[in-house]
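Let me begin by presenting the structure, written as structure tokens, before commenting on it.
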Amino acid sequence: MFEEFEAQIMQQAAEAYPFEGVWLITSAGCRQAVNTHENPQHYFSISEADSRRAMAEGLLAVVHSHPGGVAAPSAADMQGQINTAVPWGVLSTDGVASSRIAWWGRGVPKQPLIGRKFRHGISDCYTLIKDCFEIDRGVELPEFPRDWGWWENSQNLFIEGFASAGFIRVDAEDARPGDVWLAQIHTDVVCHGGILLEDDLILHQLGSRRPVDDSRLSVREPLFRYYKHITHWLRYVG
1 MFEEFEAQIM
11 QQAAEAYPFE
21 GVWLITSAGC
31 RQAVNTHENP
41 QHYFSISEAD
51 SRRAMAEGLL
61 AVVHSHPGGV
71 AAPSAADMQG
81 QINTAVPWGV
91 LSTDGVASSR
101 IAWWGRGVPK
111 QPLIGRKFRH
121 GISDCYTLIK
131 DCFEIDRGVE
141 LPEFPRDWGW
151 WENSQNLFIE
161 GFASAGFIRV
171 DAEDARPGDV
181 WLAQIHTDVV
191 CHGGILLEDD
201 LILHQLGSRR
211 PVDDSRLSVR
221 EPLFRYYKHI
231 THWLRYVG
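Oh and the sequence shown: position 115 is 115 in full-length UniProt numbering, straight run, nothing missing.
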């Protein structure tokens with residue numbers, strides 16, 4: 001997305017290091033905004049004047065950098081994207097080189113369901129479930145803003161989130177293709193999930209110990225490999 005601005009943003013992100021850079025893409029083009037946050041090494045905010053100008057021009061997307069971090073959104077980033085209702089992008093930089101921009105949110109082209117590379121908040125297990133429901137069933141599930149490592153804080157993100165999204169729990173013996181399964185793998189809370197397919201196969205995004213891991217892909221594989229870890233079977237009822 002917006003490939004014509006990527007080289008500019010990557011260069012300016014390195015120049016902004018060690019502070020977060022922020023760019024507003026509008027119908028008038030791409031403009032770097034001043035980061036007005038009191039802690040610009042870890043967060044960003046923009047002035048009311050920049051915000052008004054972007055809205056007047058027609059805001060198309062927001063991009064920001066993670067200096068010394070990874071190109072994956074925080075919960076605050078994800079909530080910001082929801083609030084603005086335009087695509088957001090994030091890139092990492094060490095002050096010398098910058099990563100390419102990783103995009104998420106409404107309007108961003110969906111990746112194929114099989115073979116996605118793991119990126120927390122953008123192509124993780126919940127994103128795969130969410131996209132599968134939208135592609136196969138025309139159901140748009142809500143986003144769950146989440147920080148990397150949320151499961152380490154005993155946050156019941158999936159249990160609470162799926163309940164509020166119109167899912168009910170069903171018995172394992174009643175599970176049928178299209179139902180969602182949740183698993184607890186070496187954590188105190190449910191931390192992983194996927195979708196049951198025909199022929200006792202499952203679809204899920206392999207997770208990682210790192211927030212970005214190109215070696216961990218979304219796959220279709222036999223249910224039995226994860227069955228012992230599954231704690232919940234859920235069915236969407238709207």
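No residue lacks a Cβ here, since even glycine has one placed at the ideal position from N, Cα and C.
Burial state of Ile-129 is buried, judged by a 10 Å Cβ sphere holding 16 or more other Cβ atoms.
Per the DSSP secondary-structure output, Pro-87 pairs with nothing in a beta bridge.
For Cys-191, there is no enclosing beta strand (DSSP E), as DSSP gives it neither H nor E. According to DSSP, residue pairing for Lys-117 in a beta bridge involves Leu-217.
The beta carbons of Ser-65 and Leu-91 sit closer together than 9 angstroms. In the DSSP assignment, Ile-9 falls within the unbroken alpha helix (DSSP H) covering 6–16. By the C-beta criterion, the segment 77–85 is judged not to be in contact with the segment 19–32, since fewer than 3 inter-stretch pairs fall below 8 angstroms.
Shown here, Ser-65 sits in a strand according to DSSP, grouped into three states. Bridge partners of Val-180 according to DSSP: Ile-195 and Leu-234.
No residue range can be given for Thr-187, since it is assigned to no alpha helix (DSSP H) and is classified by DSSP as neither H nor E. By a beta-carbon distance limit of 8 angstroms, Thr-26 contacts Ala-54. Their separation comes to about 5 angstroms. Within 10 angstroms of the beta-carbon of Gly-115 lie fewer than 16 other beta-carbons, which makes it exposed. With a threshold of 16 other beta carbon atoms within 10 Å, Tyr-126 meets it and is buried.
Of the other Cβ atoms in all chains shown, fewer than 16 fall within 10 Å of the Cβ of Asp-214; this residue is therefore exposed. Residues of the same chain with a CB within less than 8 angstroms of the CB of Gly-58, apart from the 5 flanking positions on each side, are Thr-26, Ser-27 and Ala-28 in chain order. Looking at Trp-233, Thr-231, Gln-11 and Leu-217, the one whose alpha-carbon comes closest to that of Arg-100 is Gln-11. Residue range 125–137 is occupied by the alpha helix (DSSP H) that includes Thr-127.
The beta carbons of Leu-203 and Arg-220 sit about 5 angstroms from each other, so the pair counts as a contact at 8 angstroms. Nearest C-alpha to Tyr-43 among Ala-56, Arg-176, Pro-73 and Leu-60: Pro-73. When only Cα atoms are considered, Glu-15 and Lys-228 end up about 49 angstroms apart. Gly-107 and Ile-135 have their alpha carbons spaced roughly 14 angstroms apart.
Annotation: the continuous alpha helix (DSSP H) that includes Leu-157 extends over 157–164. DSSP places Arg-52 within a helical segment (H, G or I) once states are collapsed to three. Rounded to the nearest whole angstrom, the CA to CA distance from Phe-224 to Ile-230 is 10 angstroms.
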